[in-house]
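Okay, so here's the structure we're looking at.
4 protein chains.
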Amino acid sequence: MQFNKEIPIYLQIKEVIYNTILSGTYENGERIPSIRDMAITLEVNPNTVTRAYGLLQDEEVIENQRGIGYFTSVKAKEIVSKRKREEFLHKDVPLFFETMEKLDLSIDEIMLAYQTTHNKKDTIENEKK
Amino acid sequence: MQFNKEIPIYLQIKEVIYNTILSGTYENGERIPSIRDMAITLEVNPNTVTRAYGLLQDEEVIENQRGIGYFTSVKAKEIVSKRKREEFLHKDVPLFFETMEKLDLSIDEIMLAYQTTHNKKDTIENEKK
Amino acid sequence: MQFNKEIPIYLQIKEVIYNTILSGTYENGERIPSIRDMAITLEVNPNTVTRAYGLLQDEEVIENQRGIGYFTSVKAKEIVSKRKREEFLHKDVPLFFETMEKLDLSIDEIMLAYQTTHNKKDTIENEKK
Amino acid sequence: MQFNKEIPIYLQIKEVIYNTILSGTYENGERIPSIRDMAITLEVNPNTVTRAYGLLQDEEVIENQRGIGYFTSVKAKEIVSKRKREEFLHKDVPLFFETMEKLDLSIDEIMLAYQTTHNKKDTIENEKK
DNA sequence: GTGGTCTAGACCACC
DNA sequence: GTGGTCTAGACCACA
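Taken in sequence, the protein lines are chains A, Y, E and H. Heads up: the first sequence runs through residues 21 to 149, numbered per the working numbering. Heads up: the second sequence runs through residues 21 to 149, numbered per the working numbering. Heads up: the third sequence runs through residues 21 to 149, numbered per the working numbering. Heads up: the fourth sequence runs through residues 21 to 149, numbered per the working numbering.
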C-alpha cells in the first residue's frame, strides 16, 4: 500500500483500520492481523504498525490479548463512529461554514461546484465500464 | 500569539495574513509590518516570519521593496480569494461530502448540529454585552 | 476469569492459588484441580497453568503425584503465609512509607481516605442485601 | 544511570522526571533537557527518551515548543502531585490494608518491622560518616 | 540547534 | 506463534 507522504504513516494506518471497522469488514470482537502480518501487508516496518495499534488501544478501539494478538473491542464500531461524528460535527462543520462565509460563498455555489466535480467522477467511472 | 502546536508556525502566520487581507484590514498595495516588527508582535523567531513572507512573495500576495519593506500586491485580495476558493471548492467540499456519507449523516443533522453550536456561541457573545 | 492485562497470567494464577490456600479453601495436603481442569475453568491455555503450577512446585507449595494429580503440600499454608509476610514487611511496607513521605501525606490523611473508601464499599455491600 | 531491568526504561525515566518536578528541581514552566541531552545523560537511546517525553506530554506534565525544546507545563507540579496522591490513596492504600488483613498482620507488627528496617538503614548511614 | 518519523534488527517474555 | 522494548542510525521539517 502506498501512503501520503505528508501525513505520518502510523496515523494513516489508524485511518485504514477505522474504515475497515466502520465498513463492517472487522466486526466487533474480531481478531485483527498481527503486527507482523499487518506490517508485511502494508509494506512498512513492524514498529510503525505497533505505534498505530498502540494508539488504537489507548482509544479502546482494539485490545490486546497477551501472546495471542489484537482484537477489536466489543464496542469498536460504536466508539469509532461516535468519535468521528463528534469531530466532524463540532470541528469540521463549523470550520466549513466559517470558511464559506469568509470566502463569501453561498450554499448554491458550493452545491453546484460539488455536483460538477461529482458528475465528472461518475462519468469517468461509467467510462471504465 | 498562541499557535497551534500541530501546524508549522510559518503556515499559521500565512493564514493570519490571508485573513487580514480578506477582511480588508490590509488593503491592496498597503505596507505591512516589517519582519522584525511582525516577529515581535507574534513572539516568534524572525526566521519564521521570513519564511512566511517568502512564501507569500512566491504567491505574489506580497512584494518586497528593497530597503523600504513589504507591501501587499495590487491584486493581493483577488489572488488570495481565488486561491482559497479553489482549494475550498475542489478539496474541502468534496472531502466534506465524502465524510458525511461515510458517517451516514444527513444534511439536516449537520445543519441542526451547526445551528445548535452557532446559537450557543451567539448567546455567549450576547451575554458578554 | 478476567485477568489484568498488565501482569503475566501465570503470575495471576499463582496469586489466585495463594489466596485459596490462605483463605483455607484448599487445606494442606488437599488435591487441587488438574492442569486441564484449571485451564478450562480459568479459560486460559494449559501451558499457562503448567507454568504457574511449576513455580508453585518449586516453592514447595504444591506437589505432583505422578499419574494422580497435584496436591497442596503439608505445609502449604505456612509457606505461603511466611513468604507473603516477608515480602510485604520488607518490600511493600518500606515502599509505602517512602511514598507517603514523598507525597507529603500524614498517617491521618491516609486513614481518613481509606475509611471513606472503605465505608463507601460497605454501604454498597449492605445495599445489596 | 542504571535502570531496573524489570521495568521498561521509558517508565523509569518518567518517574525520574516526576521526582525532579516534585522536588522542585524543575520549576513549573522551566525548560527541561533536550531529548538528545537527556539520552546522553541517562545513557540510553534517544528514542527511549522520546517515548517517555511523549507520555509526559499526553499527561500535560510537559509541553513541546516546536524547534525549541520541552518545557514543564505551568501546572506541572500540581498535576504530578495530584495524580500521584490519587493513585496512592485510591489504589495503594486500600491494597495495603487488604493485604494486611489477608496476612493477619496488625498495625503494631508493621510499625515494628518498619522501624527495625529503618533504623538499620540509619545505622548504616551513620557508620558511613 | 530542536523534535518527529521511520527502518532494520535484535532480544525477551508470554501463550 | 504473539507483542513489547530497546538500540542504532538515518532523514526530514522546523525555529
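Built from N, CA and C at the ideal position, the CB exists for glycine as well. Because the structure is a prediction, the values reported are computed rather than measured.
The alpha helix (DSSP H) with residue 30 of chain H in it runs from where to where? Counting from one through the fourth sequence, the residue named residue 30 of chain H turns up at place 10. Per DSSP, residue 30 of chain H belongs to the alpha helix (DSSP H) from 29-42.
Who are residue 55 of chain A's beta bridge partners in DSSP? Residue numbering aside, residue 55 of chain A sits at position 35 when the first sequence is read from its first letter. DSSP, once it has assigned bridges, lists no residue as partnering residue 55 of chain A.
Limits of the unbroken beta strand (DSSP E) element including residue 77 of chain H: Sequence index remark: in the fourth sequence, residue 77 of chain H carries index 57 (1-based). Element bounds for residue 77 of chain H: not the beta strand (DSSP E) but the alpha helix (DSSP H), 66-78.
Please list, in chain order, the residues of the region 98-116 of chain H that have any C-beta partner in chain E closer than 8 Å. 101, 104, 105, 108, 109, 110, 112, 113, 114, 116
Identify every run of the alpha helix (DSSP H) within the region 80-113 of chain Y, keeping only runs that are complete inside it and at least 4 residues long; order them along the chain. 96-107
Contact check, residue 100 of chain H vs residue 38 of chain H, beta carbons under 8 Å: If you number the fourth sequence from 1, residue 100 of chain H lands on position 80. If you number the fourth sequence from 1, residue 38 of chain H lands on position 18. Yes, the Cβ-Cβ distance between residue 100 of chain H and residue 38 of chain H is below 8 Å.
Verify whether the separation of the beta carbon atoms of residue 91 of chain A and residue 56 of chain A is less than 8 Å. As a first step, residue 91 of chain A must be located in the first sequence, where it is residue number 71. As a first step, residue 56 of chain A must be located in the first sequence, where it is residue number 36. Contact flag unset, no.
Beta-carbon proximity list for residue 82 of chain Y, same chain, < 6 Å, skipping 5 on both sides: The residue you call residue 82 of chain Y lines up with position 62 of the second sequence. So the list reads 76, 90, 92, once near-sequence residues are dropped.
Under 8 Å between C-beta atoms, does residue 90 of chain E make it to chain H? For the purposes of this step, residue 90 of chain E is identified with residue 70 of the third sequence, where counting begins at 1. No, no contact with chain H.
Please tell me whether residue 123 of chain E and residue 103 of chain H are closer than 8 Å, where the distance is taken between their beta carbons. Translated into the one-based positions of the third sequence, residue 123 of chain E becomes position 103. Translated into the one-based positions of the fourth sequence, residue 103 of chain H becomes position 83. Their beta carbons are not under 8 Å apart, which means residue 123 of chain E does not touch residue 103 of chain H by this criterion.
Would you list, in chain order, the members of the region 23-53 of chain Y that have their beta-carbon closer than 7 Å to a beta-carbon of chain H? 25, 29
Pick out whichever of Y:27, Y:72, Y:24, Y:134 has its Cα sitting closest to the Cα of residue 58 of chain Y. Your numbering for residue 58 of chain Y matches position 38 in the second sequence. Closest option to residue 58 of chain Y, Cα to Cα, is Y:72.
Within chain Y, the residues that residue 65 of chain H reaches when beta carbons sit closer than 7 Å: Counted from its first residue, the fourth sequence places residue 65 of chain H at position 45. What residue 65 of chain H touches in chain Y: nothing, since even the nearest Cβ is about 25 Å away.
When you compare only the Cα positions, how much space is there between residue 137 of chain E and residue 125 of chain E? In the third sequence, the residue the question calls residue 137 of chain E occupies position 117. In the third sequence, the residue the question calls residue 125 of chain E occupies position 105. If I take the Cα positions, the gap works out to 17 Å.
Can you tell me whether residue 85 of chain Y is buried or exposed? The criterion is at least 16 other CB atoms within 10 Å of its CB, across all chains shown. Taking the first residue of the second sequence as position 1, residue 85 of chain Y is located at position 65. Residue 85 of chain Y is exposed by the Cβ-count criterion.
Give every residue of the same chain whose Cβ lies closer than 7 Å to the Cβ of residue 152 of chain E, excluding the five residues on either side of it in the sequence, and list them in chain order. Residue 152 of chain E lies beyond the residue range present for chain E, which begins at 21 and ends at 149; the question has no answer from this structure.
Please classify residue 111 of chain A as buried or exposed, where buried requires at least 16 neighbouring CB atoms within 10 angstroms. Within the first sequence, numbered from 1, the residue matching residue 111 of chain A stands at position 91. With fewer than 16 Cβ atoms within 10 Å of its Cβ, residue 111 of chain A is classed as exposed.
Given a threshold of 16 other Cβ atoms within 10 Å of its Cβ, counted over all protein chains shown, does residue 45 of chain Y qualify as buried or as exposed? Position 25 of the second sequence, counting from 1, holds the residue named residue 45 of chain Y. Classification of residue 45 of chain Y: exposed, given that the 10 Å Cβ count is below 16.
Whether residue 113 of chain Y touches residue 130 of chain A by CB criterion (8 Å): By one-based count along the second sequence, residue 113 of chain Y stands at place 93. By one-based count along the first sequence, residue 130 of chain A stands at place 110. Taking 8 Å as the Cβ cut-off, residue 113 of chain Y and residue 130 of chain A qualify as a contacting pair.
Roughly how many angstroms separate the alpha carbons of residue 33 of chain A and residue 74 of chain H, rounded to a whole number? In the first sequence, counting from the first residue as 1, residue 33 of chain A sits at position 13. In the fourth sequence, counting from the first residue as 1, residue 74 of chain H sits at position 54. Taking the straight line joining both Cα atoms gives about 20 Å.
Nearest-angstrom Cα distance between residue 116 of chain Y and residue 27 of chain A? As a first step, residue 116 of chain Y is located in the second sequence; it is residue number 96 there, counting from the start. As a first step, residue 27 of chain A is located in the first sequence; it is residue number 7 there, counting from the start. Near 19 Å, if we compare the C-alpha coordinates of residue 27 of chain A and residue 116 of chain Y.
Restricting to Cα atoms, I'd like to know which of E:40, E:21, E:49, E:48 is closest to residue 63 of chain E. Walking along the third sequence from the start, residue 63 of chain E turns up at place 43. Among E:40, E:21, E:49, E:48, the Cα nearest to that of residue 63 of chain E belongs to E:21.
Against chain Y, does residue 179 of chain H count as a neighbour if the rule is that its beta carbon must be under 8 Å from one of theirs? This structure does not reach residue 179 of chain H, given that chain H is present from 21 up to 149, and the question cannot be answered.
Pairwise C-alpha distance: residue 70 of chain E and residue 96 of chain E: If you number the third sequence from 1, residue 96 of chain E lands on position 76. If you number the third sequence from 1, residue 70 of chain E lands on position 50. Distance between the alpha carbons of residue 96 of chain E and residue 70 of chain E is about 18 Å.
Report all residues from its chain with a CB closer than 7 Å to the CB of residue 24 of chain Y; omit the five preceding and five following residues, and keep chain order. Taking the first residue of the second sequence as position 1, residue 24 of chain Y is located at position 4. Taken in chain order, the residues that qualify are 32.
From the beta carbon of residue 86 of chain H, is the nearest beta carbon of chain Y less than 8 Å away? Working through the fourth sequence from its first residue, we reach residue 86 of chain H at position 66. Yes, residue 86 of chain H lies at the interface with chain Y (some Cβ there is under 8 Å from its Cβ).
Interface partners of residue 122 of chain H on chain E, CB under 7 Å: As a first step, residue 122 of chain H must be located in the fourth sequence, where it is residue number 102. What residue 122 of chain H touches in chain E: 42.
Please confirm whether residue 133 of chain Y and residue 42 of chain A have their CB atoms less than 8 Å apart. Numbered from its first residue, the second sequence carries residue 133 of chain Y at position 113. Numbered from its first residue, the first sequence carries residue 42 of chain A at position 22. The answer is no: Cβ separation not under 8 Å.
Exposed or buried, residue 61 of chain H, counting other C-beta atoms within 10 Å across all chains shown (16 or more means buried)? Residue numbering aside, residue 61 of chain H sits at position 41 when the fourth sequence is read from its first letter. It is exposed - the Cβ of residue 61 of chain H has fewer than 16 other Cβ atoms within 10 Å.
For a contact meaning CB atoms closer than 8 Å, what does residue 133 of chain A contact in chain Y? Walking along the first sequence from the start, residue 133 of chain A turns up at place 113. By Cβ distance, chain Y contributes 109, 110, 113.
I want to verify the contact list: residues of chain A whose CB lies under 9 Å from the CB of residue 137 of chain Y, in sequence order. Within the second sequence, numbered from 1, the residue matching residue 137 of chain Y stands at position 117. Those within 9 Å of residue 137 of chain Y in chain A are 109, 110, 113, 114.
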